[in-house]
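In full-length UniProt numbering, the protein residues as written are 1 to 267.
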């Protein structure tokens with residue numbers, strides 16, 4: 001052994017290499033199971049001898065704490081607002097509505113409409129749209145049923161929407177029967193709105209109507225026409241013309257505007 005080695009060994013009294021084989025093990029810490037804290041006010045508390053003062057907890061604060069416990073929330077608790085503090089939310093004033101108070105026409109312009117339509121789907125659409133506006137609608141499935149309904153109770157109807165191509169009796173023949181019935185009746189057999197027009201207005205309703213045959217439709221007894229598929233915005237304009245002279249005048253036939261429908265004359 002060298003003199004230097006003997007010096008280190010004698011000064012420490014221990015073998016310096018022996019300490020390298022010694023490893024210190026730190027025992028692992030034991031994980032404690034989490035415990036749900038008891039509901040406030042239910043835990044047993046021993047008397048420590050320390051004076052305890054009363055603590056008042058608001059109902060809102062108590063509910064908030066209990067909710068945090070139920071949710072196992074790990075977020076810090078936020079204390080309730082101090083007494084007298086009121087939480088407010090700024091709400092902009094509601095805009096003043098400019099919409100009309102009712103979607104229905106005036107009571108005086110509501111109509112009893114007789115409809116002749118053999119397609120049940122189309123008939124239901126017409127009924128739904130007119131009823132939604134407040135009008136009363138009676139449906140018939142062919143020209144004969146339509147003419148019979150009018151002749152048996154002509155005073156009950158203000159307008160007829162007449163399909164053209166229908167089984168049993170078409171719209172042309174049904175319209176002629178209605179006009180023949182009126183010719184043999186008095187004004188007392190008509191509704192008030194029909195009397196304003198000297199007869200019940202009848203509109204031809206079909207996709208096959210052509211402008212070149214306009215005079216033919218007038219001669220049969222029609223007062224106006226509507227193309228299919230029906231534009232119900234236009235229908236509203238035409239229905240106003242039954243009681244409103246100016247509305248009817250604005251919807252009179254104009255060359256080149258056949259597709260939108262209209263009245264044949266202004267009375």
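Note that the Cβ used here is the ideal one computed from N, Cα and C, for glycine as well.
Q: Count the other CB atoms, across all protein chains shown, that sit within 10 Å of the CB of residue 245; report buried if there are 16 or more and exposed otherwise.
A: One-based indexing of the chain shown puts residue 245 at position 245. Counting C-beta atoms within 10 angstroms of its own C-beta, residue 245 has fewer than 16 neighbours from the protein chains shown and is therefore classed as exposed.
Q) Does the Cβ of residue 187 have 16 or more other Cβ atoms within 10 Å, making it buried, or fewer, making it exposed? A) Sequence index remark: in the chain shown, residue 187 carries index 187 (1-based). By the 10 Å Cβ count, residue 187 comes out exposed.
Q. Per DSSP, what kind of secondary structure is residue 178 in: helix, strand or coil?
A. Here residue 178 corresponds to residue number 178 of the chain shown, with the count starting at 1. In the structure shown, residue 178 adopts helical secondary structure according to DSSP, grouped into three states.
Q) So what does DSSP say about residue 223, is it helix, strand or coil? A) Residue mapping note: residue 223 aligns to position 223 of the chain shown, counting from 1. Taken through DSSP and simplified to helix, strand or coil, residue 223 comes out as coil.
Q) Among residues of its own chain, excluding the 5 on either side of residue 117, which ones have a beta-carbon nearer than 6 angstroms to its beta-carbon? A) Sequence index remark: in the chain shown, residue 117 carries index 117 (1-based). Cβ within range, chain order: 123 and 163.
Q) Taking contact to mean at least 3 C-beta pairs separated by less than 8 angstroms, is the stretch 228 to 235 in contact with the stretch 187 to 201? A) In short, these stretches do not touch, since the Cβ pair count stays below three.
**Q.** Candidates 243, 225, 247 and 238, of which the one nearest residue 259 by Cα
**A.** Residue numbering aside, residue 259 sits at position 259 when the chain shown is read from its first letter. Checking every option, the nearest Cα to that of residue 259 belongs to 225.
Q. With respect to the alpha helix (DSSP H) encompassing residue 232, which residues constitute its N-terminal and C-terminal limits?
A. Numbered from its first residue, the chain shown carries residue 232 at position 232. The continuous alpha helix (DSSP H) containing residue 232 extends over residues 232 to 240.
Q.
Using 8 angstroms as the cut-off, can you tell me whether the stretch 138 to 148 makes contact with the stretch 245 to 254, which would need three or more C-beta pairs spanning the two stretches below that distance?
A. With contact defined as three or more Cβ pairs closer than 8 angstroms, the stretch 138 to 148 and the stretch 245 to 254 are not in contact.
(Q) Taking the alpha carbon of residue 161 as the reference point, which residue from 215, 214 and 206 has its own alpha carbon closest? (A) The residue given as residue 161 occupies position 161 in the chain shown. Distance from the Cα of residue 161 is smallest, within the candidate group 215, 214 and 206, for 206.
Q.
Please state whether the Cβ-Cβ distance between residue 159 and residue 242 is less than 8 angstroms.
A. For this step, residue 159 is matched to residue 159 along the chain shown. For this step, residue 242 is matched to residue 242 along the chain shown. Contact flag set, yes.
Q. Which whole runs of the alpha helix (DSSP H) in the stretch 159 to 205 are 4 residues long or more, in chain order?
A. DSSP runs (the alpha helix (DSSP H)) wholly in the stretch 159 to 205: 171 to 183 and 192 to 196.
Q. In whole angstroms, what separates the C-alpha of residue 210 from that of residue 216?
A. Taking the first residue of the chain shown as 1, we reach residue 210 at position 210. Taking the first residue of the chain shown as 1, we reach residue 216 at position 216. One C-alpha to the other measures close to 10 angstroms.
Q) So residue 185 and residue 154 are in contact, right, with Cβ under 8 angstroms, and what is the actual spacing, rounded? A) Counting from one through the chain shown, the residue named residue 185 turns up at place 185. Counting from one through the chain shown, the residue named residue 154 turns up at place 154. With 8 angstroms as the limit, residue 185 and residue 154 qualify as a contact, their Cβ atoms being about 7 angstroms apart.
Q) How big is the Cα-Cα spacing for residue 181 and residue 151? A) What you label residue 181 is simply residue 181 of the chain shown in a count that begins at 1. What you label residue 151 is simply residue 151 of the chain shown in a count that begins at 1. Between residue 181 and residue 151, the C-alpha separation is close to 7 angstroms.
Q.
Let's test the definition: count the other Cβ atoms within 10 Å of the Cβ of residue 121 and tell me whether it reaches 16, buried, or not, exposed.
A. Here residue 121 refers to the residue found at position 121 of the chain shown. Here residue 121 is exposed: its Cβ has fewer than 16 other Cβ atoms, across all protein chains shown, within 10 Å.
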